[in-house]
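Colleague: I have a structure here, written as structure tokens, and I will follow up with some questions on it.
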């Protein structure tokens, strides 16, 4: 026993020294040390190195005002300046929440921005704080899936976990409210579904303070808690909604008329017919691969779900925890299919992707030699790679060479860069 305790103490001391070395090295080259942390993901310090890189990413985040996707981040930066120059006090800000006159229903982001504005108008500091909050939950969600992989990672499993990470990547701090809410919701829901940890539901409910629309995911979660695993009902719902093509926006508006009046203005904006048409027009200008990538991933999900449900259900239902997560994923994705017909509602598909790929990754890690699953997953690789490449391509709009080759000191001295895609194109 003494030898066992002694060996554990030695390993713990060695682990701390190794972690300290990597944190010091991080100040020299954050991106490279982050990659080493991913390679050493079983080490206790690895997830905090990744979290630190998320903060560095926020500090070097590129705010581009001449593209549609940058609208949120540009507004956050502008709001920081407005708060700094205004006479608004904290009590007045708090009183404005959930008021029809202010339309403030997402309270976390204004509070954070206001507190930062007391000290600085530097948007790099603001986005560092955003990234610190987002990155905490992001790193924990990634390491949660890794911690539930008992064996070594194989290339196929790495790819599936990579997609899980790309469903809501760090550059989504561009839309801090929505995507931080998504990270927090997943952070609470995964351990509840997979391990039955009811106390974690607190975090899922907290997500509504970051984005009011997470009333919907919370409602879906409550439906699941109430009805449990209604496998045939959920599967039928999943198949029907997957092929659902049209839904009148006015019908959706009538269904949501029960919401308090303070939410009606925001809901009306999302369901506005003119807004819907503008979204459709904007999408027509996208390159083919941007449109195809999510559709390809949806078909991968559909085929794997069909395979697991109809051909591996007996095996799946013997997997404690995983079966709950699988059926919830089906239920959530079914609602996401409906919400995707509403302007901006398609964002919930990314949350559904996260639950789905968590389920697939765990099943794949437990049954790596299943012949049918192996064939399907190998055939899905080109489609998954397409989605991954498009997701990374989108990310290149929000970081540059400073993020990859720079360090905190270099960035603090004022080093700036254009979006990586712009810098690459200028070199060609």
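Numbering (this note's numbering), first residue to last: 1 to 428. From the three backbone atoms N, C-alpha and C, an ideal C-beta is built for every residue, glycine too.
#1: Taking DSSP as the reference, what is the three-state secondary structure of residue 97?
#2: Taking the straight line between their C-alpha atoms, what separation do you get for residue 26 and residue 231?
#3: Are there three or more Cβ pairs, one per stretch, closer than 8 Å when the segment 400-412 is compared with the segment 368-380?
#4: Of the choices 61, 182, 30, 118, whose alpha-carbon is the least far from that of residue 459?
#5: Between the Cα of residue 146 and the Cα atoms of 365, 371, 420, 410, which residue gives the shortest distance?
#6: Leaving out five residues before and five after residue 51 in sequence, what residues of the same chain have Cβ atoms less than 7 Å from its Cβ?
#7: Suppose the cutoff is 7 Å on Cβ atoms and the five residues either side in sequence are ignored; what does the same chain contact list for residue 241 look like?
#8: Straight-line CA distance for residue 517 to residue 160?
#9: Below 8 Å, how does it come out for the segment 170-185 and the segment 208-228: are there three or more Cβ pairs, yes or no?
#10: Does the beta carbon of residue 366 sit closer than 8 Å to a beta carbon anywhere in chain B?
#11: Answer yes or no: do residue 236 and residue 131 have a C-beta to C-beta separation smaller than 8 Å?
#12: Alpha carbon to alpha carbon, how far is residue 114 from residue 304? Give it in angstroms, no decimals.
#13: Which residue or residues does DSSP assign as beta-bridge partners of residue 104?
#14: Enumerate in chain order the residues of its own chain whose CB-to-CB distance from residue 158 is below 7 Å, with the five nearest sequence positions on each side excluded.
#15: Do residue 343 and residue 62 come within 8 Å of each other at the CB atom, strictly closer than that value?
#16: Would residue 152 be called buried (16 or more neighbouring beta carbons within 10 Å of its own) or exposed?
#17: Of all the alpha helix (DSSP H) runs that stay within the bounds of the segment 361-416, which reach a length of 4 or more residues?
#18: Return helix, strand or coil for residue 186, following the three-state DSSP convention.
#19: Could you spell out the range, first to last residue, of the alpha helix (DSSP H) harbouring residue 423?
#20: Residue 149: which of 369, 413, 363, 410 sits nearest, CA to CA?
#21: Please classify residue 431: does DSSP put it in a helix, a strand, or coil?
#22: Do the segment 217-232 and the segment 323-330 meet, that is, are 3 or more Cβ pairs less than 8 Å apart?
#23: Can you give me the C-alpha to C-alpha distance between residue 311 and residue 218, rounded to a whole angstrom?
#24: For residue 120, does the three-state DSSP call read helix, strand or coil?
#25: Starting from the Cα of residue 329, find the closest Cα among 36, 85, 203, 220 and give me that residue.
#26: Is residue 453 helix, strand or coil when you go by DSSP?
#27: Does the separation of the CB atoms of residue 384 and residue 163 fall below 8 Å?
#28: If we ignore side chains and look at the alpha-carbon of each, how far apart do residue 424 and residue 392 end up?
#29: In whole angstroms, give me the CA-to-CA distance for residue 371 and residue 18.
#30: Compare the Cα-Cα distances from residue 35 to each of 410, 405, 409 and report the closest residue.
#31: Among 205, 239, 123, 76, whose alpha-carbon lies nearest the alpha-carbon of residue 60?
#32: Note down the Cα distance separating residue 349 from residue 98, rounded to an integer number of angstroms.
Modeller: The short version:
#1: strand
#2: 47 Å
#3: no
#4: The question about residue 459 has no answer, for the chain in this structure spans 1 to 428.
#5: Looking at the Cα atoms, 365 is the closest of the given residues.
#6: 135, 136, 139
#7: 334, 337, 338
#8: Because the chain is modelled from 1 through 428, residue 517 falls outside the range shown and cannot be assessed.
#9: yes
#10: Looking for chain B here will not work: only one protein chain is present.
#11: The beta carbons of residue 236 and residue 131 sit no closer together than 8 Å.
#12: 45 Å
#13: 97
#14: none
#15: Taking 8 Å as the cut-off, the Cβ atoms of residue 62 and residue 343 do not count as close.
#16: exposed
#17: 371-395, 401-405, 408-412
#18: helix
#19: 420-427
#20: Comparing Cα positions, the closest option is 363.
#21: Limits of the chain in this structure are 1 at one end and 428 at the other, which puts residue 431 out of reach.
#22: Three or more Cβ pairs drawn from the segment 217-232 and the segment 323-330 lie within less than 8 Å of each other, which places the two stretches in contact.
#23: 31 Å
#24: coil
#25: 220
#26: Given a span of 1 to 428 for the chain in the structure shown, any question on residue 453 remains unanswerable.
#27: For the 8 Å CB-CB criterion, residue 384 and residue 163 form a contact.
#28: 14 Å
#29: 40 Å
#30: Here the closest residue by C-alpha is 405.
#31: 123
#32: 27 Å
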